[in-house]
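So the structure is just underneath, and the comments pick up after that.
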Amino acid sequence: YNNHRLGGDYKWFEDNLEDAEGNPEPSEINAAWTFSGMWNPEKEMPSVLPYVYLPKPRNGSYDITLETILNWIPSRNAESFNIYFWKSKFPQALENGEKLKDGPSAVGEPIFIKNQTEKYFNPETLEKNSTYYWRIDEIVDGAAVEGPLWHFTTKE
1 YNNHRLGGDY KWFEDNLEDA EGNPEPSEIN AAWTFSGMWN PEKEMPSVLP
51 YVYLPKPRNG SYDITLETIL NWIPSRNAES FNIYFWKSKF PQALENGEKL
101 KDGPSAVGEP IFIKNQTEKY FNPETLEKNS TYYWRIDEIV DGAAVEGPLW
151 HFTTKE
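Just so we're aligned: 16 in the numbering used here is position 16 of the sequence shown, and the numbers increase by one with no gaps anywhere.
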């Protein structure tokens, strides 16, 4: 199990990485690093969930650069992806994995961007110190499978 993926982006580990082998940067801590490069479950394990998972940036991350590119691991049988991306009107975070409900919400309305087959999305113009929400709905057998709601906050 990838302990670096639990619940959010923790600052506490950043001050002890200089003692780790290779002095990794926080952004380098991933599944491949966890297993010393011997196994990368994010790339080698077949997708078993019915929706997208392992978002990058991680859900709840903060201090994200303005040039970030969103990416995810697709589920089995995904044909394409509906991209939803929007800026929060209220700086309020949701719990990890909470799904967006129909109608107005505290985080604003989702904005459909496009359907695509690539497993990444470049939001291009991000603003400093802003919270963004995103969701990837997969198209499987012609029907949309709603993904979880994720969010991140950019650097000041």
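All C-beta atoms in this analysis are idealised placements derived from N, C-alpha and C, irrespective of residue type, glycine included.
Reducing DSSP to helix, strand and coil, say where residue i ends up.
i    : result
E109 : coil
T117 : coil
W68  : Per the sequence shown, the amino acid found at residue 68 is Thr instead of Trp. T68 falls in the coil class under three-state DSSP.
E28  : helix
T125 : coil
Is there at least one non-hydrogen atom of the ligand GTP closer than 7 Å to the beta-carbon of residue i?
i    : result
P123 : Among the components modelled here there is no ligand, and therefore nothing to report on the ligand GTP.
Might you give, ordered along the chain, the residues of its own chain that have their beta carbon closer than 6 Å to the beta carbon of residue i, omitting 5 neighbours on each side?
i    : result
K114 : I83
Excluding the five sequence neighbours on either side, which residues of its own chain have a C-beta within less than 8 Å of the C-beta of residue i, listed in chain order?
i    : result
I139 : A78, E79, S80, F81, N82, N115, V145
S130 : K87, S88, T153, T154
K128 : L66, T154, K155, E156
Does the beta-carbon distance from residue i to residue j come in below 8 Å?
i    : j    : result
K155 : D19  : no
N71  : Y120 : yes
S36  : Y51  : no
Y133 : L149 : yes
What residues in its chain sit with their C-beta under 7 Å from that of residue i, if we drop five residues either side in the sequence?
i   : result
W33 : P24
Which term fits residue i, buried or exposed, when burial requires 16 or more other beta carbons within 10 angstroms of its beta carbon?
i    : result
K56  : buried
G147 : buried
I69  : exposed
Which stretch, first to last residue, makes up the beta strand (DSSP E) that contains residue i?
i    : result
V140 : 131-140
F85  : 80-87
L54  : 53-56
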